[in-house]
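Numbering (our numbering), first residue to last: 346 to 554. Idealized CB from N, CA, C, for every residue including glycine. Take a look at the structure set out below.
Written out as structure tokens, the structure is:
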């Protein structure tokens with residue numbers, strides 16, 4: 346299916362949204378079989394855009410939606426993040442279940458607070474290096490990638506507001522001796538790691554250790 350103006354109008358009608366594109370603050374374009382992004386320029390008021398479950402290979406075609414806060418593009422076939430750099434005010438991004446080998450272009454998302462990037466192909470420290478520029482990140486989910494290098498942990502130290510971190514399913518977890526204690530001690534503001542919260546007693550023990 347092509348993302349034509351008429352298709353977008355029909356979807357707005359089906360989902361009980363406004364006829365006038367600029368009045369809509371959300372747009373539900375998930376599970377439609379779209380292969381590319383197009384004709385979203387009139388939707389200037391969007392705050393949330395749902396594009397999951399399509400066949401998108403790229404996000405090129407996204408207009409500079411200045412009010413967009415949440416973008417959901419999980420379950421596509423993305424192999425790069427070209428296109429997100431024009432969305433500097435984005436605070437939530439879900440790019441899980443794609444084919445991403447790196448997070449190039451994510452460095453421009455300085456307002457990003459939540460990144461969900463599970464089940465991709467991230468492997469090296471360099472593949473996630475641009476995360477150091479996402480200084481507003483509070484929640485980072487990288488579960489079930491192929492991250493091997495324990496030095497990735499150094500990148501997370503550069504994220505001053507990081508509160509929740511999910512790394513299970515990556516080879517690096519088994520390579521870090523005393524994994525949980527090490528991560529808790531290294532990241533002083535972390536309150537949740539993988540499957541459970543970090544309570545104060547655990548933090549004190551980890552930091553003393």
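Query: Where residue 397 falls, given that 16 or more other Cβ within 10 Å makes a residue buried; Result: buried
Query: CB of residue 464 within 7 Å of CB of residue 446, strictly; Result: no
Query: Of the listed residues 368, 373 and 458, nearest to residue 505 (C-alpha basis); Result: 458
Query: Residue closest to residue 564, alpha-carbon to alpha-carbon, out of 385, 527, 526 and 501; Result: Lying outside 346 to 554, the shown extent of the chain, residue 564 is not represented and no answer is given.
Query: Same chain only: Cβ atoms within 7 Å of residue 353, ignoring 5 sequence neighbours per side; Result: 384
Query: Helix, strand or coil at residue 530 according to DSSP, with G and I counted as helix; Result: helix
Query: Outcome for residue 427 when other beta-carbon atoms lying within 10 angstroms are tallied against a minimum of 16; Result: exposed
Query: Residue from 359, 348, 553 and 394 whose Cα sits closest to the Cα of residue 378; Result: 348
Query: Closest by C-alpha distance to residue 414, when choosing among 462, 407, 435 and 403; Result: 435
Query: Beta-carbon gap between residue 406 and residue 381 smaller than 7 Å; Result: yes
Query: CB-CB length for residue 498 against residue 467, believed under 8 Å; Result: Not really, about 14 Å apart at Cβ, beyond 8 Å.
Query: Beta carbon of residue 419 nearer than 7 Å to that of residue 452; Result: no
Query: Backbone CA spacing between residue 356 and residue 369 [nearest angstrom]; Result: 12 Å
Query: Close beta carbons around residue 402, own chain, < 8 Å, minus the five adjacent residues each side; Result: 380, 381, 421, 422, 423 and 424
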